[in-house]
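If you're matching them up, the sequences are chains A and B in order. Counting from 85, one number per residue, gives the positions in the first sequence under my numbering. Counting from 250, one number per residue, gives the positions in the second sequence under my numbering. For glycine and all other residues, C-beta sits at the position ideal for the given N, C-alpha and C. Remember, predicted model here, so these are calculated numbers, not experimental data. To start, the structure itself, in structure tokens.
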Amino acid sequence: MTDATPMFEARDLTRHFDVSRPLLQRMVAREGRRILRAVDGVSFAIPRGTTLSLVGESGCGKSTVARLSVGLYGPTAGSVIFDGRDLAQARAMADQRRRMQMIFQDPYASLNPRWRVADIIAEPIRAFGLVQTRGEQELRVAELLTQVGLSPLDGQKFPHEFSGGQRQRISIARALSSNPEFLVCDEPTSALDVSVQAQILNLMKELQQRLGLTYLFISHNLAVVRQVSDRIGVMYLGRLAELSPAESLFRRPRHPYTRALMEAIPDLDMTGRERIPVGGEVPSPISPPSGCAFHPRCPLANDRCKMERPDLKPAGDAMVACHAVEEGRDDAMPLPAIARDAA
Amino acid sequence: MSNAPPLLQVKNLRVEFPTRRGTLVALDDVSFDIAPGEVLGVVGESGAGKSMTGAAIIGLLEPPGRIARGEILLNGRRIDNLRYEEMRRIRGKEIGAIFQDPLTTLNPLYTVGRQLVETMTTHLPIGPAEARKRAIGWLEMVGIPAAAQRIDSYPHEFSGGMRQRVVIALALCAEPRLIVADEPTTALDVSIQAQVIALLKTLAREKGTAMMLVTHDMGVIAETADRVAVMYAGRIAEIGPVREVVKHANHPYSEGLMASIPPLDRRVERLAQIDGAMPRLSAIPRGCAYNPRCPQVFDKCRALRPDLINAGTTQAACWLYDTETARD
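Shown next, in the form of structure tokens:
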């Protein structure tokens, strides 16, 4: 890392959605506005050439962060800093905009079925005016197709002629076509079979090394995240519960929610250990619990956790938002088996 | 495994889809048994025929799909050639089904209590009052808090995880002897997934219910199943005890499939991957369907299709285990 400015930074990022019923109905029912706090004060930075992953269960706000990061949503409060500039300014400049791209989860929905693959991949090249002639454009598309492991001849085909994994390769080629430095990948392998998932993850790692890309990687799968990340943020109900270097997260998960998540993953090694599932479910982000949002499910919760919302505080080489960890009460909860085995 | 006679026998099942451009063979020569109280996991990539096998057993193949050959026997009685009404009685009474999406299984217009009561009074010799009492019991058993109050709620009033529990209660309440569960936990978050799996496992053990568990999640299989069938391109590639298939697979496809699962306990520089993709039904290669992707392919694989043969700890459809095959 020669340049100290992080490629990407979220500062106290917040996004609320108004999910109120129409005014008249609200008046009749005498109810107030209903605000869904999808993302509520999230801060992190991603150094150049590294990968930060956000994990969490559905509804935790990770996909909203992804969309905020490329400007598909505007923040309600807080800011997104891209290469030292506020995203609002950066998006205004085409040469900044082309430096960030996004890969979506569903490779069936994210490619226009009426366009040939070559046109899909060339669209950003044309939109940003990156080449002068038709010939140059064709050359670039062929190069991109080869880069993601497809044949240049595939450019003449339509998306329906490809399998899910190949389509995701096309999405990646399209994302790379504007020579971006920063890629936001929202569950890029969740719709794929495991054998194909491995292909795509390997490809993404290879491209990162070759092109020096910076990734924001969104996933619900901890095993996948372990393979690709330098750092990991665990999200719960719109906030970061823990932000930690990847390996220490697995060696010493600190937040009770992180531990519970790891404990809940089915055990492929069949050690026959009985797992303790986390009780309860993710509460609604419209009316999150008071204090720490995890307290109704947390074995370590006490009165302070019910009253006072914890902020991210340093704990070892990680940042953890937990009163129990801060007060040193977390020894009462055993480490998950994965971490115990590693120790 | 005990020597109990199998509860479910699937023999040489072949499912075809007639199309304008010719007949597609979705399942070809699929055979397996499930014993009472046994959980058979069925895994494979999408399009391998896992769900199709389940649909054929419960008699809900989507037209124009049809069983072209083979037999399905429940307790020694053929159920693949029954008329619609007869099959409807068996579904629910003797075979319970759990699907991936709990919202489409439940009727949104009826309370969950009514759906449970109706299922029980239809299939069991009990009256509505007794059925309601049992319904509350079932909801408690699947872990729905305050079941006596929640019984009169509508499906939309439950969260995703709770809804899937209701579906499980619904599948179990007529006390079927076989449950066909198609991706029962895929739509759920991991923390809820673990709860549902634990529940299914306990019920199978306590009630002696046999289960066919279709999923692409190997972790779920490893935790729940007694035996596993690995499917590829409409056929069973390998079948055997869960520990053997997960840890010491014999078929190169199962081996590749297991190896490509990202490990949770360590970081690897490069994940093992199977190159290429599963063939489409309209273009299944000659010989072994896996031969174009197989790292151990040899001439015979390209010419002749292997059947399941004894591969030591499991049965695998692979010429590597054919004693007649001279390889050099």
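Using a Cβ-Cβ distance cut-off of 7 Å, determine whether glutamate 573/B contacts chain A. In the second sequence, the residue the question calls residue 573/B occupies position 324. No, glutamate 573/B does not count as interfacial toward chain A.
Backbone CA spacing between valine 463/B and leucine 309/B [nearest angstrom]: Taking the first residue of the second sequence as position 1, residue 463/B is located at position 214. Taking the first residue of the second sequence as position 1, residue 309/B is located at position 60. Straight-line Cα distance between these residues: approximately 15 Å.
Output, in chain order, the set of chain A residues within a Cβ distance shorter than 7 Å of glutamine 522/B. Taking the first residue of the second sequence as 1, we reach residue 522/B at position 273. In chain order: Ser279, Ala282, Gln283, Asn286.
CB contact below 7 Å: methionine 250/B versus chain A: Taking the second sequence and counting its residues from 1, one reaches residue 250/B at position 1. Since pLDDT at methionine 250/B reaches only 47, below the 50 mark, its modelled position is unreliable, and the value read off the structure follows with that caveat. Chain A, which has no Cβ nearer than 7 Å to the Cβ of methionine 250/B, makes this no.
What separation, rounded to the nearest whole angstrom, lies between the Cα atoms of alanine 423/B and proline 374/B? Along the second sequence, one-based indexing puts residue 423/B at 174. Along the second sequence, one-based indexing puts residue 374/B at 125. If I take the Cα positions, the gap works out to 10 Å.
Under the rule that 16 or more other beta-carbon atoms within 10 Å means buried, what is alanine 498/B, buried or exposed? By one-based count along the second sequence, residue 498/B stands at place 249. Looking at its Cβ environment, which holds 16 or more other Cβ atoms inside 10 Å, alanine 498/B is buried.
Do isoleucine 428/B and valine 391/B come within 7 Å of each other at the CB atom, strictly closer than that value? Translated into positions along the second sequence, residue 391/B becomes position 142. Translated into positions along the second sequence, residue 428/B becomes position 179. Cβ atoms of valine 391/B and isoleucine 428/B: not closer than 7 Å.
Within a Cβ cutoff of 6 Å, which residues of the same chain sit near glycine 290/B, ignoring the five residues on either side of it in sequence? Counting from 1 along the second sequence, the entry for residue 290/B is found at position 41. The residues are Leu462, Ile470, Ala474, Val477.
DSSP three-state call for valine 366/A: helix, strand or coil? Translated into positions along the first sequence, residue 366/A becomes position 282. Three-state DSSP puts valine 366/A in coil, outside helix and strand.
Within 10 angstroms of its Cβ, does aspartate 577/B collect 16 or more other Cβ (buried), or is it exposed? Counting from 1 along the second sequence, the entry for residue 577/B is found at position 328. Its pLDDT being 45, under 50, aspartate 577/B is placed unreliably in this model, and the value from its coordinates should be taken loosely. Per the 10 Å Cβ criterion, exposed.
Chain A partners of proline 404/B, CB-CB under 8 Å? Residue mapping note: residue 404/B aligns to position 155 of the second sequence, counting from 1. Simply none; closest approach about 16 Å.
Is it right to say leucine 136/A is buried, meaning 16 or more other beta carbons lie within 10 angstroms of its own, or is it exposed? For the purposes of this step, residue 136/A is identified with residue 52 of the first sequence, where counting begins at 1. Under this definition leucine 136/A is a buried residue.
Taking proline 418/A as the reference, give the member of Ala402/A, Pro398/A, Gly400/A, Pro340/A with the closest Cα. As a working note, residue 418/A is residue 334 in the first sequence. For proline 418/A, the nearest C-alpha among the options comes from Pro340/A.
Please classify glutamine 293/A: is it buried, with 16 or more other beta-carbons within 10 angstroms of its beta-carbon, or exposed? Position 209 of the first sequence, counting from 1, holds the residue named residue 293/A. Exposed, because fewer than 16 other Cβ atoms sit within 10 Å of the Cβ of glutamine 293/A.
Cβ-based neighbour list, histidine 379/A, same chain, cut-off 7 Å, excluding 5 preceding and 5 following: Along the first sequence, one-based indexing puts residue 379/A at 295. The answer, listed in chain order, is Pro373, Ala385, Cys389, Lys390.
Helix, strand or coil at isoleucine 510/B according to DSSP, with G and I counted as helix: Translated into positions along the second sequence, residue 510/B becomes position 261. The answer is coil: DSSP assigns isoleucine 510/B none of H, G, I, E or B.
Range covered by the alpha helix (DSSP H) that runs through aspartate 203/A: Walking along the first sequence from the start, residue 203/A turns up at place 119. Aspartate 203/A -> alpha helix (DSSP H) spans 201-211.
Proximal residues of chain A, C-beta to C-beta of alanine 471/B below 7 Å: One-based indexing of the second sequence puts residue 471/B at position 222. The answer, in chain order, is Pro350, Asp351, Leu352, Met354.
If we count the other Cβ atoms within 10 Å of its Cβ and call it buried at 16 or more, is threonine 563/B buried or exposed? Your numbering for residue 563/B matches position 314 in the second sequence. With 16 or more other Cβ atoms within 10 Å, it is buried.
Between the CA atoms of alanine 150/A and arginine 95/A - distance to the nearest angstrom: As a position in the first sequence, residue 95/A is number 11, starting the count at 1. As a position in the first sequence, residue 150/A is number 66, starting the count at 1. Looking at the two C-alpha atoms, the distance is approximately 14 Å.
Is it buried or exposed for proline 420/A, if we count other Cβ within 10 angstroms and need 16 for buried? Here residue 420/A refers to the residue found at position 336 when the first sequence is read from its first residue. The residue is buried, with at least 16 neighbouring Cβ atoms inside 10 Å.
Against chain A, does arginine 476/B count as a neighbour if the rule is that its beta carbon must be under 7 Å from one of theirs? Position 227 of the second sequence, counted from the first residue, corresponds to residue 476/B. Cβ-Cβ to chain A under 7 Å: no for arginine 476/B.
Less than 7 Å between the C-beta atoms of arginine 99/A and alanine 122/A, yes or no? Counting from one through the first sequence, the residue named residue 99/A turns up at place 15. Counting from one through the first sequence, the residue named residue 122/A turns up at place 38. A contact, by the Cβ cut-off of 7 Å.
Could you compute how far the alpha carbon of isoleucine 422/A sits from the alpha carbon of leucine 448/B? Here residue 422/A refers to the residue found at position 338 of the first sequence. Here residue 448/B refers to the residue found at position 199 of the second sequence. Answer to the nearest angstrom: the Cα atoms are 23 Å apart.
Whole-angstrom Cβ separation of proline 555/B and alanine 482/B, contact assumed at under 8 Å? Residue numbering aside, residue 555/B sits at position 306 when the second sequence is read from its first letter. Residue numbering aside, residue 482/B sits at position 233 when the second sequence is read from its first letter. Wrong, their Cβ atoms sit about 13 Å apart, outside the cutoff.
Going along the chain, which residues of its own chain have a beta-carbon closer than 7 Å to the beta-carbon of arginine 393/A, five neighbours each way excluded? Translated into positions along the first sequence, residue 393/A becomes position 309. Taken in chain order, the residues that qualify are Gly375, Cys376.
Could you tell me how far apart the beta carbons of serine 262/A and isoleucine 209/A are, in whole angstroms, since I believe they sit closer than 8 Å? Here residue 262/A corresponds to residue number 178 of the first sequence, with the count starting at 1. Here residue 209/A corresponds to residue number 125 of the first sequence, with the count starting at 1. Serine 262/A to isoleucine 209/A, Cβ: 7 Å. Contact.
Compile a chain-ordered list of the residues in the stretch 496-517 of chain B whose CB is closer than 7 Å to at least one CB of chain A. Gly505, Leu506, Ser509, Ile510, Pro511, Pro512, Leu513, Asp514, Arg516, Val517
Within 10 angstroms of the Cβ of glutamine 69/A, are there 16 or more other Cβ atoms? Answer buried if so, exposed if not. Nothing can be reported for residue 69/A, as the shown portion of chain A is limited to 85 through 427.
Give the straight-line distance between the Cα atoms of glutamine 311/A and alanine 521/B, rounded to the nearest whole angstrom. For the purposes of this step, residue 311/A is identified with residue 227 of the first sequence, where counting begins at 1. For the purposes of this step, residue 521/B is identified with residue 272 of the second sequence, where counting begins at 1. When rounded, the distance between both Cα atoms is 12 Å.
What is the C-beta distance between tyrosine 320/A and cysteine 144/A, in whole angstroms, given that I count them as a contact (C-beta under 8 Å)? Stepping through the first sequence from its first residue, residue 320/A is reached at position 236. Stepping through the first sequence from its first residue, residue 144/A is reached at position 60. That pair is a contact at about 6 Å.
CB-CB under 6 Å to serine 125/A, same chain, minus the five flanking residues each way: which ones, in chain order? Along the first sequence, one-based indexing puts residue 125/A at 41. According to the sequence displayed, residue 125/A carries glycine and not serine. Asp96, Thr98.
Return the chain-ordered list of same chain residues with a C-beta closer than 6 Å to the C-beta of aspartate 170/A, the five sequence neighbours on each side being excluded. Residue numbering aside, residue 170/A sits at position 86 when the first sequence is read from its first letter. Excluding positions up to five away in sequence, the list reads Ser163.
Residue-chain proximity (glutamine 65/A, chain B), Cβ-Cβ < 7 Å: Since the first residue of chain A shown is 85 and the last is 427, residue 65/A is not available in this structure.
Under three-state DSSP, which class holds tyrosine 481/B? Locating residue 481/B in the second sequence gives position 232, counting from the first residue. If DSSP states are grouped into helix, strand and coil, tyrosine 481/B belongs with the strands.
Residue ranges of each beta strand (DSSP E) within the stretch 396-448 of chain B, 3 or longer: 427-431
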